[in-house]
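K.L.:
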Amino acid sequence: MASHVLLDNINHKDLRIISKRSASLGDNIPSLVTFPFEYRDIQTNFPICFCKDPETGNFYTAALFGFEENENLFLEGESWDAAYTPLMLERQPFFIGNQTNSSGEDQRLVYIDMDSPRVSSTEGEPVFLEQGGTSDYMQRISSILEAIYQGQQQTKEFVEILLKYDLIESFSLKVELNDGTQNQLQGFYTINEDTLNGLSSETVSELMKNGYMQAAYMMIASMSNFRSLIERKNKRL
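Position in the sequence shown counted from 1, then plus 547, gives you my numbering.
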């Protein structure tokens with residue numbers, strides 16, 4: 548069970564974070580949330596699909612790493628076999644939470660999951676300096692968390708405009724492996740290319756204005772990464 552606490556330089560002065568990649572550290576996941584601002588890097592490595600939150604029904608976008616539960620085909624022992632590390636992976640075990648200050652205003656603060664296997668006092672990256680300041684590592688994490696916070700709003704706006712023009716459609720993918728086994732990838736959504744290509748010039752201009760046309764095409768381009776994902780799967784049979 549997660550134990551989320553507010554990060555501070557007194558209670559956590561000796562805190563260190565194990566930043567390597569490993570299944571034992573919780574990286575054996577088949578997908579992870581991603582955001583439009585990082586699609587350029589994501590689409591060169593992973594398929595990007597829409598998923599629907601089962602509780603809210605809201606769409607979000609995710610990078611796919613595998614086909615089964617607890618499967619990440621980019622994990623090679625304790626190394627990450629991809630040119631880019633998604634920010635939602637890199638930020639662990641930290642996240643942003645809101646807290647109301649004395650003026651009644653919401654304030655964004657950094658929290659940590661103290662039950663994460665990444666948390667240590669003897670190995671890994673130091674979070675704070677001896678004098679109490681934040682380390683270079685933690686400054687990097689803080690910038691990542693801020694980018695994620697902004698990315699959540701960006702995703703919301705991206706999804707809203709795609710739904711407005713009926714540009715999201717469900718898809719399924721039949722995966723046949725070299726050993727003859729077959730799997731059906733279901734529950735994911737992608738860009739409706741036919742509808743996208745038939746948009747009026749006014750709508751195209753609207754999408755291009757905020758970079759959403761580019762984001763849509765990068766999602767489409769990322770689908771070709773399913774081929775390399777299947778190749779990775781076959782190599783592990």
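Backbone N, C-alpha and C fix where the C-beta goes; we use that ideal spot for every residue, glycine too.
For residue 780, I'd like the list of residues in its chain whose CB is within less than 7 Å of its CB, leaving aside the five on either flank, ordered along the chain.
P.N.:
Within the sequence shown, residue 780 is the residue found at index 233, counting from 1. Counting only Cβ-Cβ distances below 7 Å, and skipping sequence neighbours, we find 614, 620 and 724.
K.L.:
Check each candidate in 648, 550, 606 and 567 and name the one with the smallest Cα separation from residue 701.
P.N.:
If you number the sequence shown from 1, residue 701 lands on position 154. When each option's Cα is compared against that of residue 701, the closest is 606.
K.L.:
If we count Cβ pairs, one from each stretch, closer than 8 Å, do we get three or more for the segment 580-598 versus the segment 562-572?
P.N.:
The segment 580-598 vs the segment 562-572: no contact.
K.L.:
With DSSP as the reference, identify every bridge partner of residue 673, one or two as the case may be.
P.N.:
For the purposes of this step, residue 673 is taken as the residue at position 126 of the sequence shown. Bridge partners of residue 673: 563.
K.L.:
Start and end of the beta strand (DSSP E) containing residue 610?
P.N.:
As a working mapping, residue 610 is identified with position 63 in the sequence shown. Unbroken beta strand (DSSP E) run through residue 610: 606-611.
K.L.:
As a quick exercise: from 660, 595, 569 and 627, pick the residue whose alpha carbon is nearest that of residue 763.
P.N.:
Taking the first residue of the sequence shown as position 1, residue 763 is located at position 216. Nearest option by C-alpha distance: 595.
K.L.:
Per DSSP, residue 643 is paired with what?
P.N.:
In the sequence shown, counting from the first residue as 1, residue 643 sits at position 96. DSSP lists 657 as partners of residue 643.
K.L.:
Run through the DSSP bridge pairs and tell me what residue 731 is partnered with.
P.N.:
Within the sequence shown, the letter at position 184 stands for residue 731. Answer is 721.
K.L.:
Does the segment 621-638 come within contact of the segment 565-579, defined as at least 3 CB pairs closer than 8 Å?
P.N.:
With a cut-off of 8 Å, the segment 565-579 and the segment 621-638 count as touching, because enough Cβ pairs lie within range.
K.L.:
Less than 6 Å separating the Cβ of residue 645 from some heavy atom of the ligand NAP?
P.N.:
In terms of ligand content, the structure shown is empty, and the ligand NAP therefore cannot be addressed.
K.L.:
Within its chain, find whatever has a CB closer than 6 Å to the CB of residue 640; leave out the 5 residues flanking it on each side and keep chain order.
P.N.:
Here residue 640 refers to the residue found at position 93 when the sequence shown is read from its first residue. Only 659, 660, 663 and 665 meet the Cβ criterion.
K.L.:
Any contact between the segment 676-693 and the segment 637-657? By contact I mean 3 or more CB pairs, one from each, below 8 Å.
P.N.:
Verdict: yes, contact present.
K.L.:
Can you tell me whether residue 744 is buried or exposed, with buried defined as 16 or more other CB within 10 angstroms of its CB?
P.N.:
What you label residue 744 is simply residue 197 of the sequence shown in a count that begins at 1. Residue 744 comes out exposed.
K.L.:
State the CB to CB distance for the pair residue 738 and residue 766, rounded to an integer number of angstroms; the pair is presumed to be in contact (CB under 8 Å).
P.N.:
As a position in the sequence shown, residue 738 is number 191, starting the count at 1. As a position in the sequence shown, residue 766 is number 219, starting the count at 1. Confirmed, Cβ separation roughly 5 Å.
K.L.:
Does DSSP put residue 696 in a helix, in a strand, or in coil?
P.N.:
For the purposes of this step, residue 696 is taken as the residue at position 149 of the sequence shown. Of the three classes helix, strand and coil, the one that applies to residue 696 here is helix, per DSSP.
K.L.:
Am I right that residue 609 and residue 598 are in contact with their C-beta atoms under 8 Å? What's the rounded C-beta distance?
P.N.:
Here the question's residue 609 lines up with position 62 in the sequence shown. Here the question's residue 598 lines up with position 51 in the sequence shown. Their Cβ separation, rounded to whole angstroms, is 5 Å, which keeps residue 609 and residue 598 in contact under 8 Å.
K.L.:
Please state whether DSSP places residue 750 in a helix, a strand or coil.
P.N.:
For this step, residue 750 is matched to residue 203 along the sequence shown. Helix, per DSSP.
K.L.:
Sorted by chain position, which residues of the same chain lie with C-beta nearer than 6 Å to residue 549's C-beta, five sequence neighbours on each side aside?
P.N.:
The residue you call residue 549 lines up with position 2 of the sequence shown. Contacts found: 660 and 662.
K.L.:
Using a Cβ-Cβ cutoff of less than 8 Å, which residues in the same chain neighbour residue 731 once the five nearest sequence positions on both sides are dropped?
P.N.:
Sequence index remark: in the sequence shown, residue 731 carries index 184 (1-based). Contacts found: 719, 720, 721 and 722.
K.L.:
Using the C-alpha atoms, what's the distance from residue 748 back to residue 617?
P.N.:
What you label residue 617 is simply residue 70 of the sequence shown in a count that begins at 1. What you label residue 748 is simply residue 201 of the sequence shown in a count that begins at 1. Their Cα atoms are separated by approximately 44 Å.
K.L.:
With the cut-off set at 7 Å, would you say residue 735 and residue 556 are in Cβ contact?
P.N.:
Taking the first residue of the sequence shown as position 1, residue 735 is located at position 188. Taking the first residue of the sequence shown as position 1, residue 556 is located at position 9. Against a cut-off of 7 Å, the Cβ pair of residue 556 and residue 735 comes out as no contact.
K.L.:
Taking C-alpha atoms, which residue in 648, 578, 651 and 603 lies nearest to residue 592?
P.N.:
Working through the sequence shown from its first residue, we reach residue 592 at position 45. Taking only the C-alpha atoms, the option nearest residue 592 is 578.
K.L.:
How is residue 618 classed by DSSP in three states: helix, strand or coil?
P.N.:
Sequence index remark: in the sequence shown, residue 618 carries index 71 (1-based). DSSP places residue 618 in coil when its eight states are reduced to three.
K.L.:
Out of 681, 776, 784 and 646, which one is the CA nearest neighbour of residue 590?
P.N.:
Position 43 of the sequence shown holds residue 590. Nearest of 681, 776, 784 and 646 to residue 590, Cα basis: 776.
K.L.:
Among 653, 648, 699 and 740, whose alpha-carbon lies nearest the alpha-carbon of residue 770?
P.N.:
Within the sequence shown, numbered from 1, the residue matching residue 770 stands at position 223. Looking at the Cα atoms, 740 is the closest of the given residues.
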